[in-house]
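Residue numbering for the sequence shown follows this note's numbering, starting at 666 and increasing by one per position. We treat Cβ as the ideally placed atom computed from N, Cα and C, and that holds for glycine.
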Amino acid sequence: VQLQASGGGLAQAGGSRRLSCAASGTIFSLLTMAWYVQAPGKERDLVAEINGGGKTNYADSVKGRFTISRDNFKHTVDLEMDSLKPEDTAVYYCRAYIPGDSFRDYWGPGTLVTVSS
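What follows is the structure, given as structure tokens:
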């Protein structure tokens, strides 16, 4: 599985930005798709994830502001980011993994989101 993220760039505080991640391969429906964030000098943390059945999980810091969604036909996962804050400035990474006994883990290159105040 190869992942390619897009949509990073500059946004104003209070504005919106949409990230998209496209996955290659034929096992997309088995994958839990996730977005992680890494700010300078900090660890990489989960932002949001969605499993093959559409169940979602969000970090407390983005609940009510960010929405993750997936398209199992297009093999894409999107992260709609609304009400952006300067502290959302970071590199965002797309991750795909199969949990459990058949664990597989894939990461895409990061995409930088900069939120100006």
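Requested in this report: Report yes or no: do three or more beta-carbon pairs, one from the stretch 738-757 and one from the stretch 678-690, lie closer than 8 Å?
Outcome: Verdict: yes, contact present.
**Report entry** GLU714 beta carbon less than 8 Å from that of ILE733
**Finding:** Yes, these two residues count as a Cβ contact at 8 Å.
Query raised in the report: Beta carbon of THR754, beta carbon of VAL780: below 8 Å?
Result: Contact flag set, yes.
Query raised in the report: On the premise that GLN703 lies in contact with TYR758, defined as a C-beta separation below 8 Å, what is that separation, rounded to the nearest angstrom?
Result: Rounded, the Cβ-Cβ distance is 7 Å, consistent with contact.
Report task. Note the first and the last residue of the continuous beta strand (DSSP E) segment covering ARG735. Result -> It spans 731-736 - the beta strand (DSSP E) in which ARG735 sits, taken as one unbroken run.
**Report entry** DSSP three-state assignment for VAL727, whether helix, strand or coil
**Finding:** Helix, per DSSP.
Query raised in the report: Is ALA724 near ASP710, with beta carbons less than 8 Å apart?
Result: Cβ distance < 8 Å, so ALA724 and ASP710 count as in contact.
Requested in this report: With VAL702 as the anchor, note down where its beta strand (DSSP E) starts and where it stops.
Outcome: It spans 697-703 - the beta strand (DSSP E) in which VAL702 sits, taken as one unbroken run.
Requested in this report: Compute the Euclidean distance between the alpha carbons of GLY673 and SER767, then round it to the nearest angstrom.
Outcome: Rounded to whole angstroms, GLY673 to SER767 spans 32 Å at the Cα level.
Report task. Return the chain-ordered list of same chain residues with a C-beta closer than 8 Å to the C-beta of GLY719, the five sequence neighbours on each side being excluded. Result -> Cβ neighbours of GLY719 beyond the five flanking positions: ARG735.
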